[in-house]
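Asks:
Structural data, given as structure tokens:
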């Protein structure tokens, strides 16, 4: 069982790495607009997430 879990974890990490490597080419005007909104914000910026990503088997 532990080998199967390790393999699943490794496969998940490899998939995440592949997708993350494509992020720089996806940056464009939307990123610049969002960054400018944050940079010029006169108040506080709240960043949140729920951290609920997992593979569905």
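Numbering (the numbering used here), first residue to last: -8 to 48.
Quick reminder that beta carbons are idealized off the backbone N, C-alpha and C, glycines included.
#1: Just verifying my parser: in three-state terms, what is the DSSP assignment at residue 41?
#2: Report the CB separation of residue 29 from residue 23 in whole angstroms; it is logged as a contact under 8 Å.
#3: Alpha carbon to alpha carbon, what distance is there between residue 31 and residue -2?
#4: If we ignore side chains and look at the alpha-carbon of each, how far apart do residue 27 and residue 0 end up?
#5: Which stretch, first to last residue, makes up the alpha helix (DSSP H) that contains residue 17?
Replies: Taking the definition as stated:
#1: coil
#2: That belief does not hold up - the Cβ atoms of residue 29 and residue 23 are roughly 11 Å apart, past 8 Å.
#3: 45 Å
#4: 37 Å
#5: 14 to 17
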